[in-house]
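**Student:** Below is a structure I'd like to ask you about.
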Amino acid sequence: MLQSIRDKAQGWFAWLIVALISVPFALWGIQEYLGVGAEPVVASVNERDITEREFDYNYNRFRMSLRQQLGDSYSYDLFQESKLRADVLNSMVRDELVLQAADGMGVRVGDNLVRGTIFGMPGFQVNGQFDTAAYERGLRQRSYSPAEFQEEIRQALMTDQVTRAITGSEIVTERELEEMIRLREQKRELSYLLLPAADFIQSGEIDEAEISTYYAANQGQFMAPERVRVDYIELKMDQVSEGVGADEEALKDFFEERQGEYTTLEQRRASHILIAVEGESEEAEKAALEKLQDAMERLQAGEDFAAVAKDVSQDPGSAEQGGDLGLVEAGMMDIAFDKALFATGKGEISEPVRTDFGFHLIKVTEIIAGSEKSFEDVREEVLAAYQANEAEGIFHKYAERLVDLSYENAGTLEPAADALGLKVTTSDWLTRADADKLPGSAKAINSAFSEDVISAGNNSELIEISHDHVVVLRVHEHEMSAVRPLEQVRDDIIAALQQQQGKRLAKETGDSLLARLRQGESLEQVTSNLTHKLEQPVSVGRSGSKLPPTITRRLFSMPRPDGDNAVYGHAVLGNGDFALIVLHKVEDGSLAAKDEKALLSLRVSQARAQGRDTLEHFMQYLHNKAEVTIRQSQESYTP
1 MLQSIRDKAQ GWFAWLIVAL ISVPFALWGI QEYLGVGAEP VVASVNERDI TEREFDYNYN
61 RFRMSLRQQL GDSYSYDLFQ ESKLRADVLN SMVRDELVLQ AADGMGVRVG DNLVRGTIFG
121 MPGFQVNGQF DTAAYERGLR QRSYSPAEFQ EEIRQALMTD QVTRAITGSE IVTERELEEM
181 IRLREQKREL SYLLLPAADF IQSGEIDEAE ISTYYAANQG QFMAPERVRV DYIELKMDQV
241 SEGVGADEEA LKDFFEERQG EYTTLEQRRA SHILIAVEGE SEEAEKAALE KLQDAMERLQ
301 AGEDFAAVAK DVSQDPGSAE QGGDLGLVEA GMMDIAFDKA LFATGKGEIS EPVRTDFGFH
361 LIKVTEIIAG SEKSFEDVRE EVLAAYQANE AEGIFHKYAE RLVDLSYENA GTLEPAADAL
421 GLKVTTSDWL TRADADKLPG SAKAINSAFS EDVISAGNNS ELIEISHDHV VVLRVHEHEM
481 SAVRPLEQVR DDIIAALQQQ QGKRLAKETG DSLLARLRQG ESLEQVTSNL THKLEQPVSV
541 GRSGSKLPPT ITRRLFSMPR PDGDNAVYGH AVLGNGDFAL IVLHKVEDGS LAAKDEKALL
601 SLRVSQARAQ GRDTLEHFMQ YLHNKAEVTI RQSQESYTP
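Numbering (the numbering used here), first residue to last: 1 to 639.
As structure tokens, this is what we get:
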């Protein structure tokens, strides 16, 4: 995997370009702008805290991934909120455990690999090339600084090295492969009789006492969830940007301050021949220089630069293109390379240049002069940038004022709304599973159900949805979780009691039939008076059959028949249906029946499965010796 990453970012030029990734990150988030204190912590792994911000980001990203995968089939209610949150937290804890283990093992990932990985990410490319603007947009959308993002990539590469080393270390012996095929390819012949529970439901009234007893014993099934209605104020950047104007003097001043942004630098298309220095000794340096001298002599003799580069250059990223590096601006290269490039005329070849990568010969094939745009040329761009800059400042001031007013008037949002010209919106009834019905998703719903907001009746703290979107909320109305009245759930109880009856009678009938078979009666005798059909013998494997999975699992757990004597068993399906199973014979899978390609595929898949098992044991070991603390309510968390 790491090699494939390197392959995507081959060549010294790629590394140099990526080394220059340095995007100003002004939008640090409104919380930092306002000087709010330390972030809440949801969990800690040894001494490393997992913050609420990290958790919310990963949770929302997971939700977005589900939405993209399921498309129109996606519904927020499709998944249990607490289960998803626990899954995300589990994943974050596991990642942190592996990261700490990797650090303890001395696993390191260099800057070049980190930058090369970023350089190869499709989301940061335009027409197959890394694009700084796309990179900047991507970081802004993720609310990351470049340093934060690069550190996340570094950590991901570290954990990847460890997990791949573990999962890729397993081998499968010939004996293991033979045993696996014997069991995996095994076929079993069965007949079965299915007794649907629904066929055994008897008509008639359900006794009131039975209904009351069921209601009293199963009140947990009839709980209405805790719910709230909330009032909230929503502040977005675009709400304050509409009225931002600008006079010509202000625009010109803004242009002068940022004139470099509207200047096109001189560009040069360059090709090069690189001879790497293998080691740090003088002998290695001399050997590389001699190889470069040979290349120079070929060029002086009239050979084509591209042909020589393709033949001898040791830069895998450009050699096949005849050494072509594309268009380069001043400051993009190593200092020595940059200096030589811009001192060489069009069509000329430089003297040997030494960089950290080795010795180079540089040929300039094209020069595109730089230019400065006038204010008139870029007035519309300047206006848009000026308005965005002004809107950001106004937005921050509004957000700061919103914090002050909602704190000073903790029992109402009206003063803040009136002072800022914003609207107080009241939601419908919401449960903890309704995160997508409030701005800010999980972050907002967590705040709505927090102790300070519900019990104390205070306005929430400022909830940062994104760098240009914030919310403050308070509870409008609150209802605790409570048992629904009997009359509301009577029909549900009657249906449940009828289902219980059907399941019980189906099992009693099935158990009776099974007992008769085991006492020596024939299959024909036992089933002759039944209206339900006995399915004729069919041979099935462990997977791919049309049988209900419960029947298949039970079938393959039954003992082998002794000669012609069938083995009898049963399975109760999830809906209460009773399946009477008759196992006639077993046929093991054979290693000889598999061709080499199939055997190789099985060996690889089994090695991967064993690798995953080893990784799980490793994870359990890490967890057992670590100190993992869940700081906030994550009831479903499991190591």
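We put the beta carbon where it would ideally sit given N, CA and C, even for glycine.
On a predicted model such as this, the values are computed, not experimentally measured, just so you know.
Enumerate in chain order the residues of its own chain whose CB-to-CB distance from Q620 is below 7 Å, with the five nearest sequence positions on each side excluded.
**Tutor:** Working through the sequence shown from its first residue, we reach residue 620 at position 620. So the list is empty, once near-sequence residues are dropped.
**Student:** Is F359 helix, strand or coil by DSSP?
**Tutor:** As a working mapping, residue 359 is identified with position 359 in the sequence shown. Looking at F359 - three-state DSSP - the assignment turns out to be strand.
**Student:** What do you reckon, are the CB atoms on L361 and H467 nearer than 8 Å?
**Tutor:** Numbered from its first residue, the sequence shown carries residue 361 at position 361. Numbered from its first residue, the sequence shown carries residue 467 at position 467. No, the Cβ-Cβ distance between L361 and H467 is not below 8 Å.
**Student:** Taking T406 as the reference, give the member of E234, N389, V586 with the closest Cα.
**Tutor:** As a position in the sequence shown, residue 406 is number 406, starting the count at 1. The question names Thr, but residue 406 in the sequence shown is Ser. The candidate whose alpha carbon is nearest that of S406 is E234.
**Student:** Name, in chain order, the residues that DSSP records as bridge partners for M223.
**Tutor:** As a working note, residue 223 is residue 223 in the sequence shown. Answer is V483, bridged to M223.
**Student:** For A130, which residues does DSSP report across the bridge?
**Tutor:** For the purposes of this step, residue 130 is taken as residue 130 along the sequence shown, with counting starting at 1. Note on identity: in this sequence residue 130 is Phe, with Ala being the wrong assignment. Per DSSP, Q125.
**Student:** Cα separation between F55 and V403?
**Tutor:** Reading the sequence shown from its first residue, position 55 is the one you call residue 55. Reading the sequence shown from its first residue, position 403 is the one you call residue 403. Distance between the alpha carbons of F55 and V403 is about 24 Å.
**Student:** Could you name the residues that DSSP lists as bridge partners for H478?
**Tutor:** Locating residue 478 in the sequence shown gives position 478, counting from the first residue. According to DSSP, which records beta bridges pairwise, H478 is partnered with V228.
**Student:** Quick one: what does DSSP say P549 is sitting in, helix, strand or coil?
**Tutor:** Within the sequence shown, residue 549 is the residue found at index 549, counting from 1. P549: helix per DSSP, three-state reduction.
**Student:** Please name the residue in T213, V312, N58, H623 whose C-alpha comes closest to that of A496.
**Tutor:** To locate residue 496, count along the sequence shown from 1; it is residue 496. The option with the nearest alpha carbon to A496 is T213.
**Student:** Since V470 sits in a beta bridge, which residues does DSSP pair it with?
**Tutor:** Here residue 470 refers to the residue found at position 470 of the sequence shown. DSSP output for V470 lists L235, E464 as bridge partner(s).
**Student:** Would DSSP call V240 helix, strand or coil?
**Tutor:** Position 240 of the sequence shown, counted from the first residue, corresponds to residue 240. Three-state DSSP puts V240 in a helix.
**Student:** Y568 lies in the beta strand (DSSP E); which residues open and close that run?
**Tutor:** Within the sequence shown, the letter at position 568 stands for residue 568. Note, Y568: beta strand (DSSP E), 567–572.
**Student:** From the DSSP output, in three-state form, read off E535 for me.
**Tutor:** For the purposes of this step, residue 535 is taken as residue 535 along the sequence shown, with counting starting at 1. Of the three classes helix, strand and coil, the one that applies to E535 here is strand, per DSSP.
**Student:** On the criterion of 16 or more Cβ atoms from any shown chain inside 10 Å, does G168 qualify as buried, or is it exposed?
**Tutor:** What you label residue 168 is simply residue 168 of the sequence shown in a count that begins at 1. It is exposed - the Cβ of G168 has fewer than 16 other Cβ atoms within 10 Å.
**Student:** To which residues does DSSP link K585 through a beta bridge?
**Tutor:** Translated into the one-based positions of the sequence shown, residue 585 becomes position 585. DSSP output for K585 lists E189 as bridge partner(s).
**Student:** Between which two residues does the alpha helix (DSSP H) holding L325 run?
**Tutor:** Position 325 of the sequence shown, counting from 1, holds the residue named residue 325. No alpha helix (DSSP H) contains L325, which is instead part of the beta strand (DSSP E) from 324–329.
**Student:** Three or more beta-carbon pairs under 8 Å between the segment 153–163 and the segment 568–580, yes or no?
**Tutor:** Touching, no, given that fewer than three Cβ pairs across the two stretches are closer than 8 Å.
**Student:** E616 by DSSP, collapsed to three states: which one?
**Tutor:** Mapped onto the sequence shown, residue 616 falls at position 616. E616 falls in the helix class under three-state DSSP.
**Student:** Under 8 Å, with one C-beta from each stretch per pair, do the segment 327–339 and the segment 347–367 reach the 3-pair mark?
**Tutor:** Yes, the segment 327–339 touches the segment 347–367.
**Student:** Express the C-alpha separation of Q150 and F305 in angstroms, rounding to a whole number.
**Tutor:** Here residue 305 refers to the residue found at position 305 when the sequence shown is read from its first residue. Here residue 150 refers to the residue found at position 150 when the sequence shown is read from its first residue. Cα-Cα distance, rounded: 37 Å.
**Student:** Given A388, which residues of its chain have a CB within under 8 Å of its CB, disregarding the five upstream and five downstream residues?
**Tutor:** Counting from 1 along the sequence shown, the entry for residue 388 is found at position 388. Same-chain partners within the cutoff: S241.
**Student:** Can you list, in chain order, the residues of its chain with a C-beta nearer than 6 Å to that of R484? Leave out the 5 residues immediately preceding and following it.
**Tutor:** Residue mapping note: residue 484 aligns to position 484 of the sequence shown, counting from 1. So the qualifying residues of the chain are F222, A224.
**Student:** Name the one or two DSSP bridge partners that D562 has.
**Tutor:** On the sequence shown, residue 562 is found 562 positions in, with the first residue counted as 1. Note: D562 sits in a beta bridge opposite N565.
**Student:** Have a look at V471 and Y57 and give me their C-alpha separation to the nearest angstrom.
**Tutor:** Numbered from its first residue, the sequence shown carries residue 471 at position 471. Numbered from its first residue, the sequence shown carries residue 57 at position 57. So the two alpha carbons sit approximately 17 Å from each other.
**Student:** Between I166 and L591, is the Cβ-Cβ spacing less than 8 Å?
**Tutor:** The residue you call residue 166 lines up with position 166 of the sequence shown. The residue you call residue 591 lines up with position 591 of the sequence shown. No. Outside cutoff.
**Student:** Anyone know if the C-beta pair for Y386 and A246 falls short of 8 Å?
**Tutor:** For the purposes of this step, residue 386 is identified with residue 386 of the sequence shown, where counting begins at 1. For the purposes of this step, residue 246 is identified with residue 246 of the sequence shown, where counting begins at 1. In contact: Y386 and A246 (Cβ atoms closer than 8 Å).
**Student:** Express the C-alpha separation of H584 and A626 in angstroms, rounding to a whole number.
**Tutor:** As a working mapping, residue 626 is identified with position 626 in the sequence shown. As a working mapping, residue 584 is identified with position 584 in the sequence shown. Distance between the alpha carbons of A626 and H584 is about 51 Å.
**Student:** Excluding the five sequence neighbours on either side, which residues of its own chain have a C-beta within less than 7 Å of the C-beta of D577, listed in chain order?
**Tutor:** The count along the sequence shown starts at 1 and reaches residue 577 at position 577. L194, L195, P196, A197, A506.
**Student:** Given that a residue counts as buried once 16 or more other Cβ atoms are within 10 Å of its Cβ, and exposed if not, what is G35?
**Tutor:** One-based indexing of the sequence shown puts residue 35 at position 35. Unreliable placement is indicated for G35, whose pLDDT of 41 sits below 50; no coordinate value is reported for it.
**Student:** For V109, which of helix, strand or coil comes out of DSSP?
**Tutor:** Here the question's residue 109 lines up with position 109 in the sequence shown. If DSSP states are grouped into helix, strand and coil, V109 belongs with coil.
**Student:** Once the 5 residues before and after T51 are set aside, which same chain residues still bring their CB inside 8 Å of it?
**Tutor:** The residue given as residue 51 occupies position 51 in the sequence shown. Closer than 8 Å at Cβ, skipping near neighbours: E39, P40, V41, V42.
**Student:** Looking only at its own chain, which residues have a Cβ that is under 8 Å from the Cβ of Q125, when we skip the five neighbours before and after it?
**Tutor:** As a position in the sequence shown, residue 125 is number 125, starting the count at 1. Taken in chain order, the residues that qualify are D131, A134.
**Student:** Should the segment 431–445 be called in touch with the segment 245–265, which here means at least 3 C-beta pairs below 8 Å?
**Tutor:** Taking 8 Å as the limit for Cβ pairs, the verdict is that the segment 245–265 does not touch the segment 431–445.
**Student:** In angstroms with no decimal places, state the Cα-to-Cα distance between V628 and S44.
**Tutor:** Taking the first residue of the sequence shown as 1, we reach residue 628 at position 628. Taking the first residue of the sequence shown as 1, we reach residue 44 at position 44. Distance between the alpha carbons of V628 and S44 is about 6 Å.
**Student:** Might you give, ordered along the chain, the residues of its own chain that have their beta carbon closer than 7 Å to the beta carbon of T426, omitting 5 neighbours on each side?
**Tutor:** By one-based count along the sequence shown, residue 426 stands at place 426. So the qualifying residues of the chain are R229, D231, H476.
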